[in-house]
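Structure first, then comments.
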Amino acid sequence: MTLDVRATTLVLALRDPLRIARSSHGAGRTSTTVILEVESDAFPGLVGMGEGYPDRFYGETPETVTSVLPVLVEAVGRPEASAEWLEHAAGSMAAAIRWNGAAKCALDIALHDLVGKALGVPVHRLLGLPAEIPPTDFTLGIDTAAIVADRARRAAGFPALKIKVGGPQDVATLEAVRAVYNGPLR
Numbered sequence: 048m049t050l051d052v053r054a055t056t057l058v059l060a061l062r063d064p065l066r067i068a069r070s071s072h073g074a075g076r077t078s079t080t081v082i083l084e085v086e087s088d089a090f091p092g093l094v095g096m097g098e099g100y101p102d103r104f105y106g107e108t109p110e111t112v113t114s115v116l117p118v119l120v121e122a123v124g125r126p127e128a129s130a131e132w133l134e135h136a137a138g139s140m141a142a143a144i145r146w147n148g149a150a151k152c153a154l155d156i157a158l159h160d161l162v163g164k165a166l167g168v169p170v171h172r173l174l175g176l177p178a179e180i181p182p183t184d185f186t187l188g189i190d191t192a193a194i195v196a197d198r199a200r201r202a203a204g205f206p207a208l209k210i211k212v213g214g215p216q217d218v219a220t221l222e223a224v225r226a227v228y229n230g231p232l233r
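Residue numbers (the working numbering): 48 to 233.
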């Protein structure tokens with residue numbers, strides 16, 4: 048049984064730049080991600096979708112993601128419609144390649160999607176998780192205090208904000224955000 052994988056690299060323009068202290072790649076104005084589509088003759092007509100973010104901080108690029116996919120596909124072997132097989136596949140990927148988290152992540156997600164479709168269950172049920180989406184925070188990148196405060200105001204509906212620090216105005220930024228947002232800051 049074969050496992051066919053197609054990779055597409057997307058460069059997404061961000062509405063607001065997301066600058067962080069350790070990286071200035073793309074000036075925080077874009078996010079590059081790799082989308083995988085996985086098909087297997089074990090599950091005719093079904094396509095599993097996955098995504099991985101190749102982080103340059105870890106030496107990953109879209110090219111490194113696509114270059115290791117054949118090794119990962121060989122490692123996972125013949126797909127089976129079970130949660131146990133997915134656990135086995137994840138372990139096989141980890142054993143096959145030490146790094147390349149974006150590639151392993153994208154393939155793991157795509158395989159979960161494919162197996163969930165084959166079993167007729169959503170991925171959250173396959174993982175034994177509730178259907179409700181847990182609350183999440185919203186991340187604000189490094190910028191001037193006024194700009195970060197404006198973004199915090201727009202993100203007021205989130206239960207918590209994650210503020211990136213490491214810029215020259217950290218204290219002023221946190222004070223400006225606190226003036227417009229009363230929820231938890233991380």
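The C-beta atom is built at its ideal place from N, Cα and C for all residues, glycine as well.
For clarity, every value in this text was computed on a predicted model and none was experimentally measured.
DSSP beta-bridge partners of residue i
| i | result |
| --- | --- |
| M96 | E84 |
| D51 | E86 |
| K209 | T186 |
Cβ-Cβ distance between residue i and residue j below 7 Å
| i | j | result |
| --- | --- | --- |
| H159 | V170 | yes |
| R66 | I189 | yes |
| S87 | L133 | no |
| V85 | G95 | yes |
| V115 | A150 | yes |
| L208 | L154 | no |
| Q216 | A196 | no |
| P177 | P206 | no |
| P117 | T56 | no |
| L187 | R200 | no |
| R145 | F104 | no |
| L59 | R76 | no |
| G97 | L83 | yes |
| L210 | L174 | Per the sequence presented here, residue 210 reads as Ile, with Leu not at that position. No, the pair does not count as a contact, with Cβ atoms beyond the cut-off. |
| A203 | F185 | no |
Three-way DSSP call (helix, strand, coil) for residue i in this model
| i | result |
| --- | --- |
| T108 | coil |
| S78 | strand |
| V58 | strand |
| L232 | strand |
Residue i CB to nearest heavy atom of the ligand GTP below 6 Å
| i | result |
| --- | --- |
| R200 | The ligand GTP is absent from the structure shown, which contains no ligand whatsoever. |
Member of the options whose CA lies at the smallest distance from the CA of residue i
| i | options | result |
| --- | --- | --- |
| A128 | G106, G99, L93, V112 | L93 |
| E303 | A141, L174, G230 | Outside the modelled stretch of the chain, which goes from 48 to 233, sits residue 303, for which no answer is possible. |
| C152 | D102, L166, P126, D184 | D102 |
| F90 | R125, G138, A68 | R125 |
| V52 | L61, T77, V112, T79 | V112 |
| P64 | G99, I194, N229 | I194 |
| K164 | A136, A130, G138, N147 | A130 |
Next on the checklist: To test your reading of the DSSP string, which unbroken alpha helix (DSSP H) runs of 4 or more residues are found completely within the stretch 136-207?
Outcome noted: 148-166, 170-173, 192-201, all fully within the stretch 136-207.
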